[in-house]
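K.L.:
Okay, handing you the structure first.
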Amino acid sequence: MTQALSITNLVKRFGGLTATDDLSFAIEDGESVGLIGPNGAGKTTVFSQIMGEHRQTSGNIHLYGEEISSLTTAARIRRGVSRTYQVPRPFSEMSVAENIRVGLMPDNIWRMIVEGPNTERELELALSVGFAESDLQRTPAELSMGDLRKLEMARTMATGPKVMLLDEVFAGLTVGEIAQIGDLIQQMRGDGMTFLIVSHDLKALEPLVDRAIAINYGAMIAEGTFTEVIDNEAVRASYLGGVA
Amino acid sequence: MGLRWYHFALWGAFIVGLALLPELVSKGTLRTIIFANYLAIFAISWDVLSGRTGYISFGHPFLIGIGAYTTAILTKRFGVPVEVSIPIAVLTTMAGGLIVLLPALRVKGSYFAMITLAFMELIYQLVQVVRPDLTGGTRGMSGVPTLTRGAVNGFYLSAFLMVSVALTMWLLMRTRLGTALSAVGMNEESVRGSGLSATRLKMVAFLLSAAIAGLGGAFYIHYLGTIAPRALFEINFAFTIIVAALIGGASTIIGPVIGAFFLTFLLEYLRPYLPGAERYLIYGGVALLLYMYQPRGIYEVIRQGWARVRGLA
Ligand SMILES: Nc1ncnc2c1ncn2[C@@H]1O[C@H](COP(=O)(O)OP(=O)(O)OP(=O)(O)O)[C@@H](O)[C@H]1O
Ligand SMILES: [Mg+2]
Numbered sequence: 019m020t021q022a023l024s025i026t027n028l029v030k031r032f033g034g035l036t037a038t039d040d041l042s043f044a045i046e047d048g049e050s051v052g053l054i055g056p057n058g059a060g061k062t063t064v065f066s067q068i069m070g071e072h073r074q075t076s077g078n079i080h081l082y083g084e085e086i087s088s089l090t091t092a093a094r095i096r097r098g099v100s101r102t103y104q105v106p107r108p109f110s111e112m113s114v115a116e117n118i119r120v121g122l123m124p125d126n127i128w129r130m131i132v133e134g135p136n137t138e139r140e141l142e143l144a145l146s147v148g149f150a151e152s153d154l155q156r157t158p159a160e161l162s163m164g165d166l167r168k169l170e171m172a173r174t175m176a177t178g179p180k181v182m183l184l185d186e187v188f189a190g191l192t193v194g195e196i197a198q199i200g201d202l203i204q205q206m207r208g209d210g211m212t213f214l215i216v217s218h219d220l221k222a223l224e225p226l227v228d229r230a231i232a233i234n235y236g237a238m239i240a241e242g243t244f245t246e247v248i249d250n251e252a253v254r255a256s257y258l259g260g261v262a
Numbered sequence: 165m166g167l168r169w170y171h172f173a174l175w176g177a178f179i180v181g182l183a184l185l186p187e188l189v190s191k192g193t194l195r196t197i198i199f200a201n202y203l204a205i206f207a208i209s210w211d212v213l214s215g216r217t218g219y220i221s222f223g224h225p226f227l228i229g230i231g232a233y234t235t236a237i238l239t240k241r242f243g244v245p246v247e248v249s250i251p252i253a254v255l256t257t258m259a260g261g262l263i264v265l266l267p268a269l270r271v272k273g274s275y276f277a278m279i280t281l282a283f284m285e286l287i288y289q290l291v292q293v294v295r296p297d298l299t300g301g302t303r304g305m306s307g308v309p310t311l312t313r314g315a316v317n318g319f320y321l322s323a324f325l326m327v328s329v330a331l332t333m334w335l336l337m338r339t340r341l342g343t344a345l346s347a348v349g350m351n352e353e354s355v356r357g358s359g360l361s362a363t364r365l366k367m368v369a370f371l372l373s374a375a376i377a378g379l380g381g382a383f384y385i386h387y388l389g390t391i392a393p394r395a396l397f398e399i400n401f402a403f404t405i406i407v408a409a410l411i412g413g414a415s416t417i418i419g420p421v422i423g424a425f426f427l428t429f430l431l432e433y434l435r436p437y438l439p440g441a442e443r444y445l446i447y448g449g450v451a452l453l454l455y456m457y458q459p460r461g462i463y464e465v466i467r468q469g470w471a472r473v474r475g476l477a
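Structure below.
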């Protein structure tokens with residue numbers, strides 16, 4: 019098996035605070051891994067380092083064997099890694115279709131101009147996350163939190179990732195929506211997508227992952243099957259002692 | 165691009181209407197319209213940059229001035245033909261656009277706006293002290309070769325330029341590039357998160373905007389035949405451009421054209437009653453009222469009216 023994503027001795031300091039503390043793990047191609055930990059454990063910060071939104075203090079990040087630390091975010095996305103945001107950040111004055119359109123665009127000015135939008139693919143992506151065709155022209159202001167998360171998923175999928183990092187995709191969703199996004203993730207796993215999923219909703223997370231990693235204060239505290247990890251003493255203590 | 169029959173019809177009617185204007189209006193009005201055409205070009209330039217990407221330029225005369233001075237100096241001082249000097253002026257202005265881009269890589273919002281204002285002030289001071297033998301110093305230059313004689317020809321040239329710029333930009337902004345530039349204005353982080361280089365997109369916006377400003381500035385100076393730094397690098401001129409774009413409807417290309425005509429005629433009709441700077445007070449008030457009624461500008465008012473008409477049909 020090939021390694022899709024690997025992180026080695028990753029350290030991130032924000033002034034005196036160590037948000038990522040000598041963290042190392044690897045994800046095989048096609049694998050789905052849950053990343054858990056209490057509030058402020060450093061999960062999102064790991065994502066932003068993988069995407070290059072924050073530069074790590076030290077350590078390495080490899081994507082399919084290539085060290086990507088020096089690449090821009092756009093270049094990393096072209097290499098096949100993409101993320102959703104815990105707080106959805108849509109383009110507020112654009113329709114659902116246009117939001118997805120931005121995700122589908124090539125990072126090439128000339129092609130942006132001469133090639134028209136792929137409206138079929140826009141629709142296909144919108145439908146796959148559970149939008150109806152009539153939702154395409156709605157704007158973010160008219161969407162519920164659940165819809166905003168779906169849009170976030172669709173725009174992330176639009177960039178054509180091989181590895182998807184999902185940050186709290188279930189937060190604020192109804193039971194029905196959680197099932198819908200869960201089904202979508204299962205279907206994509208079947209198609210070979212690699213996932214790293216952050217979720218506080220452990221029940222929703224469990225069926226979606228092959229194994230789990232728990233971190234606290236930026237450092238790994240447990241690794242193994244989902245059950246092993248959530249039954250781990252240190253993990254239980256961290257959740258009880260955490261701000262959650 | 166999603167072009168519809170009424171797009172062709174409206175553009176066709178607009179062009180035919182402009183072509184017939186010299187038959188319908190007085191020479192004096194035509195001169196007013198010439199100014200409106202150039203103001204429209206400047207407002208489109210502002211719109212491509214600030215209307216789209218949200219990087220508000222308060223110093224657009226900086227760019228216009230680079231284009232104007234470059235071609236004025238080349239033609240008057242060095243006898244360079246306009247066929248050569250105007251393209252050089254456009255390229256020089258684009259280089260100026262890259263200078264304005266530099267702060268935009270680091271700062272946003274009002275900081276960026278203040279810096280552009282500083283650019284305008286800087287060039288105003290510079291043209292007066294650096295090589296006044298070339299720039300004409302404080303007094304500026306006169307006797308810059310003009311391209312046309314008479315109001316009618318001046319009108320046709322300005323109208324042709326304005327329509328070319330407006331149509332080109334309107335088409336361009338309807339492509340995915342237009343969508344991407346708007347995206348930069350809404351959320352730059354999400355643009356990066358969508359796999360696009362926000363920096364490159366900003367560069368495209370600044371270069372396009374500068375090219376249009378340089379083109380407009382160069383032709384404008386060859387229409388006027390004189391260049392007066394105090395009138396050119398003036399905050400009221402910068403504001404007129406911004407207000408034209410905003411009350412017309414930012415980020416629409418057509419809006420700034422409508423706004424430029426609206427403002428020019430408003431100022432013109434106020435002239436007999438208020439010859440001084442008080443006029444700007446009135447137009448500021450009118451702009452504010454319009455803005456409160458419809459923040460998206462006249463373009464949106466017309467668009468909604470049109471949608472209602474089509475809804476009835
Ligand atoms: N840009 C920043 N500057 C300074 N400190 C930061 C920054 N981003 C995150 N932190 C800090 O780093 C730590 C980890 O934050 P992070 O958001 O990664 O946690 P998390 O596990 O995603 O939490 P949550 O479950 O609440 O989303 C926190 O203490 C946070 O305050
Ligand atoms: Mg987080």
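Line by line, the protein sequences give chains A and B. Under my numbering, the very last position in the first sequence is 262; numbers go up by exactly one each time. Under my numbering, the very last position in the second sequence is 477; numbers go up by exactly one each time. Quick reminder that beta carbons are idealized off the backbone N, C-alpha and C, glycines included. Quick caveat, the model's predicted, so the values are computed rather than measured.
1. Please report how far the alpha carbon of T75(A) lies from the alpha carbon of T26(A), in whole angstroms.
2. Would you report the Cα separation of G218(B) and W470(B), rounded to the nearest angstrom?
3. When you compare only the Cα positions, how much space is there between I220(B) and S274(B)?
4. Counting only runs that start and end within the region 190 to 262 of chain B, where is the alpha helix (DSSP H) found for 4 or more residues in a row?
5. Taking only beta-carbon atoms, is T343(B) less than 7 Å away from chain A?
6. Could you tell me the distance, in whole angstroms, from the CA atom of K180(A) to the CA atom of I205(B)?
7. Below 6 Å, is the gap between the Cβ of K61(A) and the nearest heavy atom of ligand 2?
8. Excluding the 5 residues preceding and the 5 following I418(B) in the sequence, name in chain order all residues of the same chain whose CB lies nearer than 8 Å to its CB.
9. So, helix, strand or coil for L281(B), using DSSP?
10. Please state whether DSSP places E464(B) in a helix, a strand or coil.
11. Should V248(B) be labelled buried (16 or more other beta-carbon atoms within 10 Å of its own) or exposed?
12. Nearest to I231(A) by CA position, among G60(A), K30(A), L35(A), G48(A), is which residue?
13. Going by DSSP, which residues form a beta bridge with G52(A)?
14. For I95(A), I'd like the list of residues in its chain whose CB is within less than 6 Å of its CB, leaving aside the five on either flank, ordered along the chain.
15. I want to verify the contact list: residues of chain A whose CB lies under 7 Å from the CB of V368(B), in sequence order.
16. Looking only at DSSP bridge pairs, what is S76(A) linked to?
17. P135(A) versus chain B: which residues are under 7 Å apart at the beta carbon?
18. Between the region 97 to 112 of chain A and chain B, which residues of the former have CB atoms less than 8 Å from a CB of the latter, in chain order?
19. Taking S328(B) as the query, report the chain E residues whose CB atoms sit under 8 Å from its CB, ordered along the chain.
20. Starting from the Cα of S110(A), find the closest Cα among T299(B), G461(B), S361(B), V348(B) and give me that residue.
21. Which residue marks the beginning of the alpha helix (DSSP H) containing L388(B), and which one marks its end?
22. Name, please, each residue of chain A whose Cβ falls closer than 8 Å to the Cβ of S358(B).
23. When every heavy atom of ligand 2 is checked, does at least one fall within less than 6 Å of the C-beta of Q67(A)?
24. Please confirm if the region 233 to 244 of chain B is in contact with the region 289 to 305 of chain B, defined as three or more CB-CB distances below 8 Å between the two stretches.
25. Between the alpha carbons of E140(A) and D165(A), how many angstroms are there, rounded?
26. Assuming T257(B) and G381(B) form a contact by the criterion Cβ under 8 Å, report the distance between their Cβ atoms to the nearest whole angstrom.
27. Taking Cβ positions, are I287(B) and G378(B) nearer each other than 7 Å?
28. Tell me the start and end of each unbroken beta strand (DSSP E) in the region 313 to 366 of chain B that is at least 3 residues and wholly inside, in chain order.
29. Using only the alpha-carbon positions, how far apart do G260(B) and E353(B) sit?
30. Taking Cβ positions, are I179(B) and G318(B) nearer each other than 7 Å?
31. Mapping the DSSP letters down to three states, classify A262(A) as helix, strand or coil.
32. Run through the region 80 to 154 of chain A for me and flag every whole alpha helix (DSSP H) of 4 or more residues, listed as ranges in chain order.
33. Can you tell me which of the three DSSP states M182(A) falls into?
34. Using 7 Å as the limit for Cβ to Cβ distance, is M305(B) near chain A?
35. Are any of the Cβ atoms in chain B nearer than 7 Å to that of T91(A)?
36. So, with DSSP's three-state summary, where would you put G236(A)?
P.N.:
With the given structure in hand:
1. 12 Å
2. 27 Å
3. 8 Å
4. 191 to 210, 224 to 242
5. yes
6. 45 Å
7. yes
8. A330, W334, G412, Y463
9. helix
10. helix
11. exposed
12. G60(A)
13. I215(A), A230(A)
14. T177
15. I127
16. V29(A)
17. R340
18. S100, R101, Y103, R107, P108, F109, S110, E111, M112
19. Within the model displayed, chain E is absent; protein chains A and B are what it includes.
20. V348(B)
21. 362 to 388
22. I95, V120, G121, M123, R173, A176, T177
23. no
24. yes
25. 15 Å
26. 7 Å
27. no
28. none
29. 26 Å
30. no
31. At A262(A) the pLDDT is 43, less than 50, meaning the model places this residue with poor confidence and gives no usable figure here.
32. 91 to 97, 114 to 122, 127 to 132, 137 to 146
33. strand
34. no
35. yes
36. coil
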